[in-house]
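Here the structure is laid out as structure tokens; the discussion comes afterwards.
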Amino acid sequence: NTYTFILKLNGNYDKVNPFPEIFDGKIANEEELLNRALSSGKRINAKGILSNRFQVAFWLGDFEEAAKLSEQASPVPKMSFMEIYHTFCEGLTAFQLARRSSSSIASKWMTIGEEAVTRFRFYE
325 NTYTFILKLN GNYDKVNPFP EIFDGKIANE EELLNRALSS GKRINAKGIL SNRFQVAFWL
385 GDFEEAAKLS EQASPVPKMS FMEIYHTFCE GLTAFQLARR SSSSIASKWM TIGEEAVTRF
445 RFYE
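Heads up, my numbering is the position in the sequence shown plus 324, with the first residue counted as 1.
Spelled out as structure tokens, the structure:
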């Protein structure tokens with residue numbers, strides 16, 4: 325997961341595909357791994373992949389994609405580091421989109437951002 329995260333951040337993911345080697349050719353790419361996790365009910369594995377995609381979109385400044393992935397990637401509530409970090413990035417994503425949006429859409433993003441701030445304060 326960390327390896328694919330780094331490949332995506334530095335723009336080499338499409339050039340170097342680690343999946344065939346890692347899984348002895350049984351899984352060709354990340355999308356296939358995600359589909360297998362979802363179809364077999366392995367929610368934690370699927371959430372890990374989706375969370376990875378959310379973090380990459382966030383750190384690359386693709387806030388529209390991060391917003392789409394945010395709900396799918398949201399970890400199961402248990403106050404883990406993953407949940408706290410996700411909430412932090414979700415809030416920053418929402419506020420960034422609120423700044424870029426028209427006033428009618430900005431209020432939606434502000435609400436999402438404020439909800440993230442409320443959840444984040446719960447962790448203090």
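All C-beta atoms, glycine included, are put in the ideal place defined by N, C-alpha and C.
All values derive from a computational prediction rather than experimental measurement.
Measure the alpha-carbon distance for residue i versus residue j and round it to whole angstroms.
i	j	result
Phe382	Ser394	10 Å
Ala430	Thr328	33 Å
Thr435	Asn376	24 Å
Gln379	Ala352	22 Å
Ala361	Lys350	14 Å
Phe419	Cys413	10 Å
Assuming residue i contacts residue j under a Cβ cut-off of 8 Å, what Cβ separation, rounded to an integer in Å, is found between them?
i	j	result
Ala391	Leu421	6 Å
With the cut-off set at 9 Å, would you say residue i and residue j are in Cβ contact?
i	j	result
Phe387	Thr411	no
Leu358	Leu374	yes
Gly385	Gly415	no
Residue range of the alpha helix (DSSP H) that residue i falls in?
i	result
Asn334	No alpha helix (DSSP H) contains Asn334, which DSSP labels as neither H nor E.
Ser394	Phe387 to Ala397
Leu362	Glu354 to Ser363
Gly372	Arg367 to Trp383
Lys432	Ser427 to Phe446
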